[in-house]
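Novice:
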Amino acid sequence: MAGILIYGFHAVTARLRQNPASVEELFVDAARQDARARDVLELAKTLGVRILQVDGKRLDGIAGGPRHQGIAARVTMVQQPRHVDEVLEGLQGDLLLLVLDGVQDPHNLGACLRVADAMGANAVIAPKDRAVGLTPTVAKVACGAAETVPYLTVTNLARALRDIKEYGVHIVGADGEAETELAQAKVGGSVAWVLGAEGGGLRRLTREHCDELVKIPMYGTVESLNVSVSAGICLYESRRQRNLADHAG
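Residues 31 to 279, numbered by my numbering, are exactly what the sequence shown covers, in order.
1. Let's test the definition: count the other Cβ atoms within 10 Å of the Cβ of R45 and tell me whether it reaches 16, buried, or not, exposed.
2. Which word fits T236, buried or exposed, when buried means at least 16 other C-beta atoms lie within 10 angstroms of its C-beta?
3. Reducing DSSP to helix, strand and coil, say where A61 ends up.
4. Using 8 Å as the Cβ pair cut-off and three pairs as the minimum, do the segment 237–245 and the segment 214–225 touch?
5. Could you name the residues of the same chain whose beta carbon sits closer than 8 Å to that of Y266, not counting the 5 residues immediately before and after it, in chain order?
6. Which residue from A213, E209 and R189 puts its Cα closest to that of H113?
7. Would you mind stating whether V58 and L71 have Cβ atoms separated by less than 8 Å?
8. Give the C-beta separation of I263 and H239 to the nearest angstrom, bearing in mind that I take them to be a contact with Cβ-Cβ under 8 Å.
9. List the whole-angstrom C-beta distance separating L35 from A93, where the pair is believed to meet the contact cut-off of C-beta under 8 Å.
10. Report the residue from G100, D64, A61 and R104 whose alpha carbon sits nearest the alpha carbon of V53.
11. Are the beta-carbon atoms of A61 and G86 separated by less than 8 Å?
12. How long is the line joining the alpha carbons of A278 and T178, rounded to whole angstroms?
13. Am I right that V133 and V217 are in contact with their C-beta atoms under 8 Å? What's the rounded C-beta distance?
14. Along the chain, which unbroken stretches of the beta strand (DSSP E) at least 3 residues long are found entirely within the segment 174–202?
15. Could you check whether G229 and D205 sit closer than 8 Å to each other, using their CB atoms as the reference points?
16. Exposed or buried, what is V42 when buried is set at 16 or more other beta-carbons lying within 10 Å of its beta-carbon?
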């Protein structure tokens, strides 16, 4: 399996800690002598990873630009799940899923993965077409979450939503035109939050496969939120309602 490049301290450190066998070689800017760089080098040495200290300009060329923070790694691609069953089969308790209907900006996907990890989501699901994949930029923005949250890309999102329903999951679409506001929705059980792409929102067929549509109320002058911000609000509301139910019980 061909290797890919990841860069940035969070992404590289997360891969070293969680899947060191997949790290083929580590590139470090020889000019970096700070504690952060020393810590990563020490970790890589302990794990037996090949380390190449290079000058900054060469690292710019390797990473395809200067936003690498002085560190990059060539890694074996982690095999991502290919079907809903691979992610959900055998999981206990209420499920929490994030479904992204065509997010194309790698920074947004990285931020969504980070939010999903923070809220303990079981997986992030997206269509293969008209959506960004797990690029180096996604991994960097995700700050390690790309290594911890299963990211499933599906050929047919509508079919995947039907498969998710078979696990007793309530499908809730975030839609600014919905009548029900977030605080009024019962989203504390097994829930899959479905959010649309930047600017376009949910596609018609995706909307039709939702059990319920909910809107995030807007109290200021802006009309919409970044998809990762919306994801954080929706996932947190599910966690909040679960916590209330646990304490009430």
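Even for Gly, the Cβ is constructed at its ideal location relative to N, Cα and C.
No experiment lies behind these values; they were computed from the predicted model shown.
Specialist: The relevant details are as follows:
1. Buried, because 16 or more other Cβ atoms sit within 10 Å of the Cβ of R45.
2. T236 sits buried, since 16 or more C-beta atoms from the chains shown fall within 10 Å of its C-beta.
3. Secondary structure of A61 (DSSP, three-state): coil.
4. Yes, the segment 237–245 touches the segment 214–225.
5. Once the five neighbours on either side are set aside, the close Cβ partners of Y266 are M149.
6. It is R189.
7. In this structure, L71 lies closer than 8 Å to V58 by Cβ.
8. Contact between I263 and H239 does not hold, since their C-beta atoms are separated by about 22 Å, which reaches or exceeds 8 Å.
9. Contact holds; Cβ gap of about 6 Å.
10. Among G100, D64, A61 and R104, the Cα nearest to that of V53 belongs to R104.
11. Yes, the Cβ-Cβ distance between A61 and G86 is below 8 Å.
12. Each residue's Cα considered, the two are about 31 Å apart.
13. Their Cβ separation, rounded to whole angstroms, is 21 Å, which puts V133 and V217 out of contact at 8 Å.
14. Unbroken beta strand (DSSP E) runs of no fewer than 3 residues, entirely contained in the segment 174–202, are found at 181–184, following chain order.
15. No, these two residues do not count as a Cβ contact at 8 Å.
16. By the 16-neighbour rule on beta-carbons within 10 angstroms, V42 is buried.
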